[in-house]
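Worksheet for the structure shown next.
Dropping the structure here:
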């Protein structure tokens, strides 16, 4: 059984490794090998023990809402967001299909509803679009060229979901 909890600063290294590994596995197929590390920004140093690298990762992870999914005391998922905006979601590939991503998003949606947020927006990786569609998110425009670290372009699909009851739509 997995547990969802709030982020603690000591989680940063494990989260950094999770983000780096997951991003490499699912989002870099279209990128030439010599450009892949640019898209990872500070996460390319996730396994480093240098203080400067650790601090850079902590700075990027920081967000108003950071939720962590743990299984047997191992971090297997993380969601970063702010009211009305889901910034990022990463789930360890060994745990895809176990409901971890869904539960993280539902917990985030609940927090947004409690703050009277009416809509959540996000910029999905192309890989994750079907996942978000299953959760009720809809494409809001065509594919856009988002920006990752170091100014490198990355294709994203803007999506949104209304949090209003269907009677108010």
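Residue numbers (this note's numbering): 306 to 474. Backbone N, C-alpha and C fix where the C-beta goes; we use that ideal spot for every residue, glycine too. Keep in mind it's a predicted model, so treat the numbers as computed, not measured.
Residue pairing from DSSP places residue 463 in a beta bridge opposite 428.
Here residue 462 is buried. Its C-beta has 16 or more other C-beta atoms within 10 Å. Residues 385 of the same chain have their beta carbon placed closer than 6 Å to that of residue 393, with the five preceding and five following residues left out of the count. Note that the C-beta distance between residue 374 and residue 320 is not below 8 Å. According to the DSSP secondary-structure assignment, residue 384 is paired through a beta bridge with 372, 394.
Counting along the chain, residue 453 sits inside no beta strand (DSSP E), nor does DSSP assign it H or E at all.
Residues of the same chain with a CB within less than 8 Å of the CB of residue 341, apart from the 5 flanking positions on each side, are 329, 333 in chain order. It is roughly 5 Å from the alpha-carbon of residue 450 to the alpha-carbon of residue 460.
Taking the C-beta atoms as reference points, residue 416 is found nearer than 8 Å to residue 370. With a contact defined as Cβ atoms closer than 8 Å, residue 367 and residue 358 miss out at about 15 Å. Going by DSSP, residue 310 is part of the beta strand (DSSP E) stretching over 307–311. Under the DSSP assignment, residue 435 falls in the alpha helix (DSSP H) whose first and last residues are 434–439. In this structure, the straight-line span from the alpha carbon of residue 427 to that of residue 390 is close to 6 Å. Judged by their CB atoms, residue 468 and residue 424 are nearer to each other than the 8 Å cut-off. By the criterion of a C-beta distance shorter than 7 Å, residue 441 is surrounded in its chain by 466, once the five residues flanking it on both sides are discounted. With respect to the 8 Å criterion, residue 331 and residue 432 are classified as neighbours on the basis of their beta carbons.
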